[in-house]
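Before any comments, here is the structure.
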Amino acid sequence: MDLYFEYIVGIVLFILICVGLYLFLPRRSEKIDLDKLTKSIGYNEDRLCNELVNIYKKYIAAIDRFDLDFLKKYCGYNVYGRNAGHLGMEKRRQHFIYKEDFELNSFKLIDIARAGNEVHVTMDINYSIYDYVLDGENKVIRGSKNKKKKFIKRLVFFRCFSNHLVSACSNCGHKVDDDSNFCDNCHQQIRSLSGNWMLNVENDNGPIKRWLKRWK
Numbered sequence: 001m002d003l004y005f006e007y008i009v010g011i012v013l014f015i016l017i018c019v020g021l022y023l024f025l026p027r028r029s030e031k032i033d034l035d036k037l038t039k040s041i042g043y044n045e046d047r048l049c050n051e052l053v054n055i056y057k058k059y060i061a062a063i064d065r066f067d068l069d070f071l072k073k074y075c076g077y078n079v080y081g082r083n084a085g086h087l088g089m090e091k092r093r094q095h096f097i098y099k100e101d102f103e104l105n106s107f108k109l110i111d112i113a114r115a116g117n118e119v120h121v122t123m124d125i126n127y128s129i130y131d132y133v134l135d136g137e138n139k140v141i142r143g144s145k146n147k148k149k150k151f152i153k154r155l156v157f158f159r160c161f162s163n164h165l166v167s168a169c170s171n172c173g174h175k176v177d178d179d180s181n182f183c184d185n186c187h188q189q190i191r192s193l194s195g196n197w198m199l200n201v202e203n204d205n206g207p208i209k210r211w212l213k214r215w216k
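Residue 119 in this note's numbering is what sits at position 119 of the sequence shown, and the numbering runs on without skipping anything.
This is how it looks when you write it as structure tokens:
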């Protein structure tokens with residue numbers, strides 16, 4: 001009887017381990033050539049990531065300052081609307097948001113994709129920060145002044161291309177592919193990025209969040 005019970009427990013544990021590995025280990029997928037993709041938009045990976053991380057740091061600082069002008073300039077409609085609504089509500093309640101001493105832990109470029117005249121860049125960022133809210137009497141009502149909070153975010157930035165409808169090189173007349181910014185024949189730049197990088201998506205990307213997404 002005891003041997004049979006141990007056998008059942010062993011099978012159950014084996015199944016639970018298999019399910020856990022399936023849910024939490026990254027799945028094998030088609031490899032993305034990030035080096036080629038970054039070069040196609042006139043960047044290298046380090047320069048692109050550093051530029052986007054710096055914009056995100058300024059975005060965090062803008063929330064700390066209630067700077068809606070910066071958010072309007074560097075955020076897409078959804079991100080701006082969400083923050084503007086939240087900041088407005090906290091201001092009416094006479095609450096003060098503090099996001100101090102941003103500490104970057106890690107970041108990773110995930111993907112670069114095109115949609116019409118836009119390029120979308122997806123990256124993960126891991127950072128720590130003092131994140132708290134004070135009421136009108138300077139009492140902490142959320143977060144902590146003394147302990148940093150760790151965040152793991154999935155970010156998507158977008159930016160527009162100029163001359164995205166050009167189909168032939170103006171220098172040599174060679175036909176240009178839709179996803180090329182440089183002429184394959186004479187290497188003349190045909191399309192260039194214009195405007196600012198805009199933060200279009202900001203989602204939590206911790207292990208529990210990733211697990212829940214698998215079941216949506």
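Quick reminder that beta carbons are idealized off the backbone N, C-alpha and C, glycines included.
Taking three-plus beta-carbon pairs below 8 Å as touching, is the segment 91 to 98 in contact with the segment 108 to 126? no
Here's the rule I'm using: 16 or more other beta-carbon atoms within 10 Å means buried, otherwise exposed. How should Lys72 be labelled? exposed
Extent of the continuous alpha helix (DSSP H) to which Phe70 belongs: Leu68 to Tyr74
Where Ser162 falls, given that 16 or more other Cβ within 10 Å makes a residue buried: exposed
Please state whether DSSP places Val79 in a helix, a strand or coil. helix
Would you kindly work out how many angstroms separate the C-alpha atoms of Cys169 and Lys175, rounded to a whole number? 6 Å
Just checking my contact of Cys186 with Cys172 at CB under 8 Å: how many whole Å lie between their CB atoms? 4 Å
So who's on the other strand from Ser128, going by DSSP bridges? Paired residue(s): Glu103 and Lys150.
Quick check on DSSP: helix, strand or coil for Asp46? helix
DSSP-derived helix/strand/coil call for Asn54: helix
Burial state of Met89, where buried means 16 or more other Cβ atoms lie within 10 Å: exposed
Give the DSSP bridge partners of Val121, in chain order. Answer is Ile112 and Phe157.
Tell me whether Leu52 is buried or exposed, calling it buried when 16 or more other Cβ atoms sit within 10 Å of its Cβ. buried
Alpha helix (DSSP H) containing Ser40: first to last residue? Leu34 to Ser40
Tell me, to the nearest whole angstrom, how far the beta carbon of Ile41 is from that of Val119; I am working on the premise that it is less than 8 Å. 6 Å
Can you have a look at Tyr80 and say buried or exposed, based on whether 16 or more other CB atoms are within 10 angstroms of its CB? buried
According to the Cβ coordinates, are Phe220 and Ile129 closer than 9 Å? Examination of residue 220 is not possible in this model, given that the chain is present from 1 through 216 alone.
Let's see if you can read the secondary structure: which residues bound the beta strand (DSSP E) around Asp184? Unbroken run through Asp184: none, as it is neither H nor E.
Between Asn146, Arg114 and Asn78, which has its C-alpha nearest Leu199's C-alpha? Asn78
Could you give the distance in angstroms between the alpha-carbon of Val133 and the alpha-carbon of Lys153? 20 Å
Taking just the CA atoms, how far does Val140 sit from Lys36? If I take the Cα positions, the gap works out to 48 Å.
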